[in-house]
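Notes follow the structure.
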Amino acid sequence: VLNSRIKAGDEMSDVTTELPAARRGRSEALIRSRILQAIFERRLPPGEKLTEDRLAELFGVSRTVVRQALARLAQDGIVEQQLNRGAFVAAPSRADARHVLEARAVVEPEVAHAVACRCGGAALERLRRHITTENEARAAGDRATLVRLTGEFHVTLAEAAGNPVFVRLLTELQALSSLSILLYARGEHAACPPQEHDDIVRAIERGEPEEAARLMREHIDHVAAEMDLSEPQERPVGLAQALGIKPRARRMPLR
Ligand SMILES: [Zn+2]
Numbered sequence: 008v009l010n011s012r013i014k015a016g017d018e019m020s021d022v023t024t025e026l027p028a029a030r031r032g033r034s035e036a037l038i039r040s041r042i043l044q045a046i047f048e049r050r051l052p053p054g055e056k057l058t059e060d061r062l063a064e065l066f067g068v069s070r071t072v073v074r075q076a077l078a079r080l081a082q083d084g085i086v087e088q089q090l091n092r093g094a095f096v097a098a099p100s101r102a103d104a105r106h107v108l109e110a111r112a113v114v115e116p117e118v119a120h121a122v123a124c125r126c127g128g129a130a131l132e133r134l135r136r137h138i139t140t141e142n143e144a145r146a147a148g149d150r151a152t153l154v155r156l157t158g159e160f161h162v163t164l165a166e167a168a169g170n171p172v173f174v175r176l177l178t179e180l181q182a183l184s185s186l187s188i189l190l191y192a193r194g195e196h197a198a199c200p201p202q203e204h205d206d207i208v209r210a211i212e213r214g215e216p217e218e219a220a221r222l223m224r225e226h227i228d229h230v231a232a233e234m235d236l237s238e239p240q241e242r243p244v245g246l247a248q249a250l251g252i253k254p255r256a257r258r259m260p261l262r
């Protein structure tokens, strides 16, 4: 799944004269962002194995650098590391998915509120451009790009709020949301209903923090409604219950 689109060499050719530590840090960041992007675009599904050797080869870096990138993603809950088995893209449970949405429902209205209070012209322009790109991808039926862009909208909003903690939090929550949607979406929908991002940005443009927060709260509710997060019913106990036969109703054997 990690395909030839990775051009680590191109992007790192200008850093050959830098100190090794800085280079390593940049390679690590590149690996992390490529994996996150592949998750946003749903090209790396939950449970997919992330082989250290293969990643080292693809990015042209040492296994140590790959290991550090994976360890950082594991800290954020995006990668699961299993003893003697290696690293895998996380497969959040329904409970995990509910927790992610609960956190988003608390944090994101505050982000929207903050942006409506402090966002300047340049950040607004960037949000507008983002909405335009989303609309173009939707019109073109380019689902992979649309899914990535709708996820990135939420991170872009956090960036507009000018708070790096929000950005880190939203990047992590968004990656976990993408994985949850892959596992538990009811239909074939992209996670974010059309038009709602546009409505939020319009409220921000009008300088209405309360309205922006309200619209975001509704938006997260709609995202949650697109997923089936109720726990599956408990498995039947015993053969009789599984077959729907009352255990006490013993029957005479047929002759
Ligand atoms: Zn959205």
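The sequence shown runs 8 to 262 under our numbering.
Glycine residues also receive a C-beta, built at the ideal position from the N, C-alpha and C atoms.
No experiment lies behind these values; they were computed from the predicted model shown.
Nearest-angstrom Cβ-Cβ length linking residue i and residue j, presumed shorter than 8 Å
i	j	result
ARG155	PHE47	4 Å
LEU189	ARG49	6 Å
ASN170	ALA219	No, ASN170 and ALA219 are not in contact; Cβ-Cβ is about 15 Å, not under 8 Å.
THR163	ARG133	7 Å
ARG224	PRO116	5 Å
LEU57	ALA94	4 Å
ILE85	LEU183	7 Å
For residue i, the nearest candidate out of the options (CA to CA)
i	options	result
ARG101	LEU186, CYS199, LYS253, ILE227	LEU186
CYS124	ALA63, ALA167, ARG30	ALA167
ALA232	LEU134, ALA104, VAL118, SER69	ALA104
GLU179	SER40, TYR191, ALA28	SER40
PRO200	VAL96, LEU246, ASN142	ASN142
GLU55	GLU238, GLN88, GLY214	GLN88
THR71	ASP83, HIS106, SER34	SER34
ASP228	ALA28, GLY127, ALA110	ALA110
GLN181	GLY158, ALA192, LEU222, GLY194	GLY158
HIS161	LEU246, ASP205, LEU51	ASP205
Where residue i sits in the DSSP three-state scheme
i	result
VAL96	strand
LEU9	Bear in mind that the predicted position of LEU9 carries a pLDDT of just 48, short of 50, making it unreliable; the figure below should be weighed with that in mind. Of the three classes helix, strand and coil, the one that applies to LEU9 here is coil, per DSSP.
LYS253	coil
GLU217	helix
LEU57	strand
GLU203	helix
ALA168	coil
LYS14	Its pLDDT being 46, under 50, LYS14 is placed unreliably by the model, and nothing is read from it.
Residue i beta carbon near ligand 1 (any heavy atom closer than 6 Å)
i	result
THR157	yes
CYS126	no
Any non-hydrogen atom of ligand 2 within 6 Å of residue i CB
i	result
LEU176	Ligands displayed in this structure: ligand 1; ligand 2 is not among them.
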